[in-house]
Amino acid sequence: MTAATSSAAVTTGAEPGVPGAPPGAGVRLQPAQRSALGHPTAWWGMVILILTEATLFGGLLSSYFFIRAINHTWPLGGIRAPDLHRISIFTGVLLGSSIPIFWAEAAIKRGNLRRLRVGLAVSWLMGAAFFVNQVLEYRSLGFGPRTNAYGSLFYAITGLHGAHVVIGLLISLVVQLKAGLGRLSAERHLTAQVFGLYWHFVDGVWVFVFASLYLSTHLH
Amino acid sequence: MALTEDRPSASAEIDIEERLHEAWAEPAGIAGFLTSVDHKRIGMRYIYTAFVFFFIGGIEALIMRTQLAGPNNHVLGPEQYDQLFTMHGITMIFLFNTPVLAGFGNYLLPLQLGTRDMAFPRLNAFSYWIFLLSGVFMYSSFLVGHAPDGGWFSYVPLTSRHFSPGVNLDFWGLGVMFVGISTTVGAVNFIVSAFKMRCPGMTVNRMPIFVWSMLAMAFMVIFAVPSVTLASALLESDRLFGTAFYSAAHGGSALLYQHLFWFWGHPEVYILFVPAMGMVSTIIPVFARRPLAGYLWVATSLIAIAFISFGVWVHHMFATGLPAMAMAFFAGVGLLIAVPSGVQFMSWIATMWRGRVRWTTPMLFCMGFAFIFLLGGITGVMVSVLPFDWQVHDSYFVVAHFHYVLNGAVVFPIFGALYYWLPKMTGRMLSERLGRLSFWTMAIGFNVSFFPMHILGFLGMPRRVYTYSSGLGWDGLNLLASIGGFLFGLGTALTLLNVVVSRFKGEPAGPNPWEADTLEWATTSPPPHYNFDRIPVVTSRHPLWDQPELAYAESGEEEATRAYGLTGALERQTPISTGLDAAPEQTMEIPRDTYLPLLVALGTAVIFLGLLAKAIAVGAVGVALAALALVRWAWRTEEDLR
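Going line by line, the protein sequences match chains A and B.
Residues in the first sequence are numbered consecutively from 1, following this note's numbering.
Residues in the second sequence are numbered consecutively from 221, following this note's numbering.
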């Protein structure tokens, strides 16, 4: 044993943290001011997760523009740019599906379970409509993910977003079920809150996907 | 069950101990092993598992050094050599360095923050299982005789289906995505814990420097890992489904792969290095017997490195024919990152200069680190200079450089941390004599092994060759490098021996054997499941040095303060505090032991197996298993918070 390890004296005197040991001094704490209160940990967890997910989309969209920049024609290989009209309408539907979520979140904060369930259901239908349109669009595009790098990127980006929509729809059902069974209340509705955050992200990131894949190919 | 008297009378002591035990009990045996969410058990498991991979990766390295010890050796054929150097790299980066640091972080963060667990205990267990299963997944490639063989960075087009038709690279591509899940959820946990779980009084500017380093690391992970996930996902998509991301013939680009890979790859160096620097900045002040010089500068430097690390990735691609202007920019940023590293170096020197240094084993490892990091840092600046880089690119000089930074400058702090913190984890001291012997063997072995590689690089020896002809002037230096490699291996084995022996013969550590300043030393060694029965209240950056009588919180009547004292410990709760000034905000129920993290991880593993075998049905089973377990997981979210 060296000098360093032989003197095991603790500056705090007794062994704190051990049950029954006399603590230094008991401190009575005041709760934080109402104005200083932050969000619950699960909310922050979702925020960080969204940051990393957004980076994933950012990487894919950067790849899209990288491949686009090194090719002379775009879309590649004489593919016609995807139609703008129908997707514009469904972009509105998807972005609009955030509104009932805002409404539902405000309702559950006041303990209104019925409004929460209605809001979730309306938003779910709008999200589902968007997804169904996406699948139908795939069938009418005339190119596949194997056609060329443009096709690969188009399907990868819309596919990743579509997967997020599907996951969101499934989570929405779970929240709906929890609400139906009365597990959510004005005080306890973290699942609804965290789902809302996720859904707003799924909607928000679509703006970038839409602008990159649809709008920008129609600019001349 | 309100406890009116927070300070128990002597007669109530035994009763309280029993009730604490009851509240924090975990099932015994294998069930407890599979279901525990205790951050300390998970942290130690991380460390032990990572060290198993370290020794496997080390054995791979020694086999390669045996092959390279002399010219025209035939210990290994070229195919075997390719598999070994690929798996060695993958193992050390993905399965040792990253997870072992996560292990120390998991173990230490709640203790240093003065709380009872991480923000997401079940997620913590999940990230361990994913790490373990992804490691097993990648190593199972040896069982089918097709280990990845495209180098740890697996460049296309070599790794495309056309040139590498075997399943080898699929183990790599899928494995990288797999282990990335573990790193990412771990990072989410570290960030939220560092901001929301600090004990009263621990404002942001009193956070231990190791927590700062874990925080900087976690933010890098959040923004870097998606890029490697993407690089490998697109590669696997090309390989499994025939897409054209990297196929130049179909408008794709192989260069895209390199951009995506190194956008993660360079920050990854700092993802490993920053927590290692945090460890050094923790250990040096304790043995210099004075606070870290320039705490704010060091914390700022850690964050600065995290930012700058995202602007240097192209210096791995200087030989790919990018525009000169772009390369000049990245060369400049590459030089810039030396500044925050230098700031920390100066801080360590200043700390020791003004202190009275005790030369214990952890301190020796920190000094070994400083010496090696200096050399690795200088060669790092050298290779960020364009004309120099073109001379040494893909030569053994680069092998020397990145082993100085990734092996020397990360592994030495990890060994130092092991000697420093293992007594806290096991309650027993490691032998100083064996520790010193291990250090000197490692330090000499390391430099004998890797220093000659600089010269080999100058003499023109390329990387990734399985053998070489004699008469090129490489023979003697290669033999020297191999001898050094075995010496280094012997040094690490001595520490392994030390760890094993200490479990039986080590001196009892006591709560604070090093007379250190941070809160993990304020509780017993090893700490009880609940870490602290009352949450400490700090008024300083160095609570155990500056507060002779460390204050502890009592449970209040309000919902926000009840978990601080004994009531919280008895009810398996931990407090949540406000992000900046750590004022009481909420009470969190710590989840009980559960199979859910393991089930979700197993489901994930089945998904990857399905992809590997291109069996949709298998993948669907995995999705169903993971999804059901996740629904069950989310079912009790509302019960987490009171």
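Positions of the beta carbon are idealized from the N, C-alpha and C atoms, including for glycine.
Computed from a predicted model, the values in this text were never measured in an experiment.
| query | result |
| --- | --- |
| Take Leu-871(B) as the anchor and find which of Ile-703(B), Gly-726(B) and Pro-319(B) has the nearest alpha-carbon. | No answer is possible for residue 871(B): it lies beyond the span of chain B, which begins at 221 and ends at 862. |
| Put Met-537(B) into one of helix, strand or coil per three-state DSSP. | coil |
| Contact criterion: CB-CB distance below 7 Å. Does Asn-112(A) meet it with respect to chain B? | no |
| Would you mind giving the Cβ-Cβ distance between Thr-744(B) and Pro-731(B), rounded to the nearest angstrom? I have them listed as a contact below 8 Å. | 6 Å |
| Ignoring anything shorter than 4 residues, give me the alpha helix (DSSP H) runs that lie fully in the segment 773-851 of chain B, in order along the chain. | 786-790 and 816-832 |
| I'd like to know whether the C-beta of Ser-256(B) is nearer than 7 Å to at least one C-beta of chain A. | no |
| Comparing the C-beta of Gly-59(A) with each C-beta of chain E, is any distance below 7 Å? | Among the protein chains in the structure shown, which are A and B, there is no chain E. |
| Residues of the segment 488-499 of chain B in Cβ contact with chain A at a cutoff of 8 Å, in chain order, please. | none |
| If contacts are defined as beta-carbon pairs under 8 Å, then Ala-803(B) and Ala-149(A) qualify, I think. What distance do you get, rounded to the angstrom? | Not quite, the Cβ-Cβ distance comes to about 53 Å (not below 8 Å), so this is no contact. |
| Indicate, with yes or no, if the ligand ATP has a heavy atom lying under 6 Å from the CB of Glu-774(B). | By its list of ligands, the structure shown contains no ligand whatsoever, and the ligand ATP lies outside what it can speak to. |
| Rank Ile-267(B), Pro-330(B) and Ile-313(B) by C-alpha distance to the C-alpha of Tyr-750(B) and give the top, closest one. | Pro-330(B) |
| Measure the C-alpha to C-alpha separation of Val-252(B) and Asp-813(B) and round it to an integer number of angstroms. | It is Gly, not Val, that sits at residue 252(B) in the sequence shown. Straight-line Cα distance between these residues: approximately 7 Å. |
| Note the first and the last residue of the continuous alpha helix (DSSP H) segment covering Met-584(B). | Residue 584(B) is actually Leu in this sequence, not Met. 581-603 is the extent of the alpha helix (DSSP H) around Leu-584(B). |
| How far does the alpha helix (DSSP H) with Arg-265(B) in it reach, from first residue to last? | 259-288 |
| For Leu-492(B), does the count of other Cβ atoms within 10 angstroms reach 16, so buried, or fall short, so exposed? | buried |
| Beta-carbon of Pro-420(B) versus every beta-carbon of chain A: anything under 7 Å? | yes |
| Could you check the C-alpha separation between Leu-679(B) and Ser-615(B) for me, to the nearest Å? | 9 Å |
| What's the C-alpha gap between Leu-288(B) and Met-307(B)? | 17 Å |
| Quick check: the Cα distance between Gly-575(B) and Trp-741(B), rounded to an integer number of angstroms? | 21 Å |
| So, using beta-carbon positions, are Leu-819(B) and Ala-773(B) closer together than 7 Å? | no |
| With three or more C-beta pairs closer than 8 Å as the rule, is the segment 785-800 of chain B touching the segment 428-436 of chain B? | no |
| Tell me which residues share the same chain as Ser-702(B) and place their Cβ nearer than 6 Å to its Cβ, disregarding the 5 neighbours each side in the sequence. | Arg-285 and Ala-289 |
| Can you say whether Ala-780(B) is buried or exposed, counting buried as having 16 or more other CB atoms within 10 angstroms of its CB? | buried |
| Looking at Ala-821(B) and Phe-346(B), is the spacing between their C-beta atoms short of 7 Å? | yes |
| Any C-beta of chain B sitting closer than 7 Å to the C-beta of Ser-63(A)? | yes |
| Just to make sure I have the definition right: I need the residues of chain B whose C-beta is within less than 7 Å of the C-beta of Leu-141(A). Which are they? | Simply none; closest approach about 15 Å. |
| Roughly how many angstroms separate the alpha carbons of Ser-669(B) and Ser-689(B), rounded to a whole number? | 20 Å |
| May I have a chain-ordered list of the alpha helix (DSSP H) segments no shorter than 4 residues that lie completely inside the segment 324-411 of chain B? | 341-363 |
| When the Cα atoms are used, what is the spatial distance from Ala-21(A) to Met-662(B)? | Here Ala-21(A) scores only 45 on pLDDT, less than 50, and its place in the model should not be relied on; the value that follows carries that caveat. Approximately 43 Å between the Cα atoms of the pair. |
| In chain B, what lies closer than 7 Å to Phe-174(A) by C-beta? | One detail in the question is off: residue 174(A) reads as Val in this sequence, not Phe. Neighbours of Val-174(A) on chain B, chain order: Val-851 and Ala-854. |
| To the nearest whole angstrom, what separates the beta carbons of Val-618(B) and Gly-677(B), a pair I think is in contact under 8 Å? | 7 Å |
| Checking contacts by CB at 7 Å: is His-470(B) closer than that to chain A? | yes |
| Just confirm the distance between the C-beta atoms of Tyr-624(B) and Ile-592(B), as a whole number of angstroms; I'd bet it's less than 8 Å. | 6 Å |
| Helix, strand or coil for Ser-561(B) per DSSP? | helix |
| For chain B, find out if any of its Cβ atoms is closer than 7 Å to the Cβ of Ile-70(A); answer yes or no. | yes |
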